[in-house]
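The next block holds one structure in the form of structure tokens; read it before the comments.
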Amino acid sequence: MNWKVATFNANSIRARLPIILDWLETNQPDLLCIQETKVQDKDFPQDPLAEAGWKSYFWGQKSYNGVAVLSREEPEEVRKNFPDGSDEDQARLIAVKTKGVWVVNTYVPQGRDPENPAFAYKLDFFDRMAKWFEAEFSPQKPLLWLGDLNVAPEPIDVYDPVKLDGRVCFHPKDRGALKKIMEWGFTDLFRKYHPDEELFTFWDYRARTALERNHGWRIDHLLATEPLAKACKNTWVDIEPRKREKPSDHTFLVGEFDLPEEF
């Protein structure tokens, strides 16, 4: 069974809705997971998405954060936030179960600066993710963790690892926090198919020539447990939407799978 999943940090779903609708029409994924929707639930653009045939599941807040899943089919189950209800004012996590696979969509805190309390919050967020995976999931069951994880894992994942070493998103502590979760049982699906390629998913707005010079970061990820990693057939970055007028600073990362009839 063919199954296509994509992740995209929209940096405002209302601002990026034309790009999203065009991309959905062209690429026809089964799921699109979105981060930084930046809208309260009452303002989520359900109607135009429904008109295009998409069911929307979302958790948002005004002006910041926000996560959503767009699906052709109704999921078996939808969860929002950590099970303990912490961070009710931080819309950063939504999970859906579909075709027997749990898909966990997260917008991990950026961290601002290693000396900022926001960085400690980021590390704590990773710690809670690790404990949640350990408590409620298994590396032997199909699980896909995706989204803007705000970490470039390896030197190849940033445009200048010497210059950027120690900066937030490429700091030993946040890289170590992600690595610890990976060791629980995740495979980096992008690197499975592109082990040596310098490809990115984010180019900073603040550097006007970042895209032109390919000064990017690979901070958006598709991470899968072993059963799902085995079913993955390809992954790719679609850079074209980043070249559009009024783009997000991120672009789409896509995974293609051949799922068994039953997991």
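The working numbering numbers the first residue of the sequence shown as 1063 and each following residue consecutively. The C-beta atom is built at its ideal place from N, Cα and C for all residues, glycine as well.
What are the residues that DSSP puts in a beta bridge with residue i?
| i | result |
| --- | --- |
| Q1097 | N1071 and V1129 |
| A1272 | A1272 pairs with nothing; no bridge assigned. |
| T1160 | V1163 |
| G1278 | W1265 |
| T1168 | L1155 and G1209 |
Should residue i and residue j be called a contact, given that it needs their Cβ atoms to be closer than 9 Å?
| i | j | result |
| --- | --- | --- |
| D1250 | L1285 | yes |
| P1176 | V1230 | yes |
| W1121 | A1114 | no |
| D1236 | G1173 | yes |
| L1155 | T1168 | yes |
| L1211 | T1287 | no |
| W1085 | D1300 | yes |
| E1260 | I1218 | yes |
| P1204 | F1325 | yes |
| G1308 | L1273 | One point to set straight first is that residue 1308 is Lys, not Gly, in the sequence displayed. Not a contact, by the Cβ cut-off of 9 Å. |
| A1293 | P1257 | no |
| L1111 | L1093 | no |
| V1158 | P1137 | yes |
| F1314 | F1106 | no |
Starting from residue i and walking both ways along the alpha helix (DSSP H), at which residues does that stretch end?
| i | result |
| --- | --- |
| E1198 | P1179 to E1198 |
| A1153 | Careful: A1153 lies outside any alpha helix (DSSP H) and carries neither H nor E. |
Counting C-beta neighbours from all protein chains within 10 Å, is the total for residue i 16 or more, i.e. buried, or is it exposed?
| i | result |
| --- | --- |
| Q1097 | buried |
| Y1119 | buried |
| A1291 | buried |
| G1238 | exposed |
| T1263 | buried |
| F1252 | buried |
| K1161 | buried |
| V1224 | exposed |
| F1248 | buried |
| S1125 | exposed |
| G1278 | buried |
| G1128 | buried |
| R1268 | exposed |
| T1271 | exposed |
| G1317 | buried |
| M1191 | buried |
What are the boundary residues of the beta strand (DSSP E) that residue i is part of?
| i | result |
| --- | --- |
| D1300 | C1294 to D1300 |
| A1112 | Where A1112 is concerned, there is no enclosing beta strand (DSSP E), although the alpha helix (DSSP H) it sits in stretches over Q1108 to E1113. |
| R1141 | E1139 to K1142 |
| H1283 | D1282 to A1286 |
| F1319 | F1314 to D1320 |
| W1121 | K1117 to W1121 |
Threshold first: 4 residues or longer. Then list the alpha helix (DSSP H) segments lying entirely within the region 1188-1264, N to C. Listed in chain order, they are 1223-1226, 1234-1247 and 1251-1255.
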